[in-house]
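So the structure is just underneath, and the comments pick up after that.
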Amino acid sequence: MTMHLLRPLAVFLAAYSLHLGYITVFYHRALAHRAVRLQPATLRFVLATGNWVTGLDPKAWACMHRMHHAFSDGPDDPHSPAQAGVLGVLVAQLRAYERTLYGLLGRHPDYLRHVQDLDFPVHWLNRHGLWWLPYALHTAAAVLLGYAGGWGFGLAYFAGLMSHPIEGWVINALGHAVGPRNFETPDDSRNPWLAALLIGGEGLQNNHHRFPASARFSYRWWEPDAGFMLCRALEKAGALTIERGRLLPRPGAPVIPTTQA
Ligand SMILES: [Zn+2]
Ligand SMILES: [Zn+2]
68 MTMHLLRPLA
78 VFLAAYSLHL
88 GYITVFYHRA
98 LAHRAVRLQP
108 ATLRFVLATG
118 NWVTGLDPKA
128 WACMHRMHHA
138 FSDGPDDPHS
148 PAQAGVLGVL
158 VAQLRAYERT
168 LYGLLGRHPD
178 YLRHVQDLDF
188 PVHWLNRHGL
198 WWLPYALHTA
208 AAVLLGYAGG
218 WGFGLAYFAG
228 LMSHPIEGWV
238 INALGHAVGP
248 RNFETPDDSR
258 NPWLAALLIG
268 GEGLQNNHHR
278 FPASARFSYR
288 WWEPDAGFML
298 CRALEKAGAL
308 TIERGRLLPR
318 PGAPVIPTTQ
328 A
């Protein structure tokens, strides 16, 4: 009985970790903020595979996210609980992603100006109207897995890889509404501990908005940041370099003023 639950749980954790690794290390810390520098081969790999694995375009995601930092909790924030309400963020973030993708495809300056330094195009899947194809393939893979190994496996695979709307909602809504703050910032960002534990350190929104260019999101020792641990492992493997000069300071160390994104 226990194995019936443990095996699908292992599949869920593997799929969830794969998806979250792409988002938090590659899309967020590397592409959106340049807090880590990807080796050329890693960058090529991420640009070739990222959209297939996550269903999300790397350039559109980075653009939307930079707009979140530029307009944080103001009227132009793509997904703020202050604007859309805590529950409304679930829908607002999906609409914002779609708007950003089509804004970039239509070469609209309001979107292009946020990603001028990203010298790669929107993924060809999206340039050819095939945004749905990764979702269709993951659905087919889940059905096959369910058919071959039991529906628990199929569901676990699908839920793990396609968890982005839920984890995005937890971070974008609760990370700007619930939890303590370490720093005074012009936005409502907060550090919900449980969200940080479950979502690779991404819950530490207040630390991150204060030091957006830092690859490490944790400030106090008890703040969990699995994403930074993955950055360190990938650095040891030679896949990327952490920009150590941009890391946030330890408590008690002098704070160098920076709001650089
Ligand atoms: Zn935020
Ligand atoms: Zn960010």
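Going by the working numbering, the sequence shown opens with residue 68, and the numbers climb by one from there. Here a beta-carbon is modelled for each residue, glycine too, at the ideal position from N, C-alpha and C.
Check: Compute the distance between the beta-carbons of L297 and G117, then report whether it is under 8 Å.; Outcome: no
Check: Could you spell out where the beta strand (DSSP E) holding L307 opens and where it closes?; Outcome: L307 to I309
Check: Under 8 Å Cβ to Cβ from N249, same chain only, skipping five residues before and after it: list those, please.; Outcome: N258, N273, N274, R277, Y286 and R287
Check: Using a threshold of 7 Å, is the CB atom of A99 nearer than that to any non-hydrogen atom of ligand 2?; Outcome: yes
Check: Just the C-alpha distance for N239 and S84, rounded to the nearest angstrom, thanks.; Outcome: 19 Å
Check: Just to confirm, are P125 and H190 a CB contact at a threshold of 8 Å?; Outcome: yes
Check: Measuring alpha carbon to alpha carbon, tell me which residue in T252, V237, L212 and P253 is nearest L154.; Outcome: V237
Check: Looking at ligand 1, does it come within less than 7 Å of S84, judged from the CB to the closest heavy atom?; Outcome: no
Check: Check whether the Cβ atoms of H231 and I90 sit closer than 8 Å, and answer yes or no.; Outcome: yes
Check: Cβ-heavy atom distance between P279 and ligand 2 below 7 Å?; Outcome: yes
Check: Check whether the Cβ atoms of A223 and L76 lie closer than 8 Å to each other.; Outcome: yes
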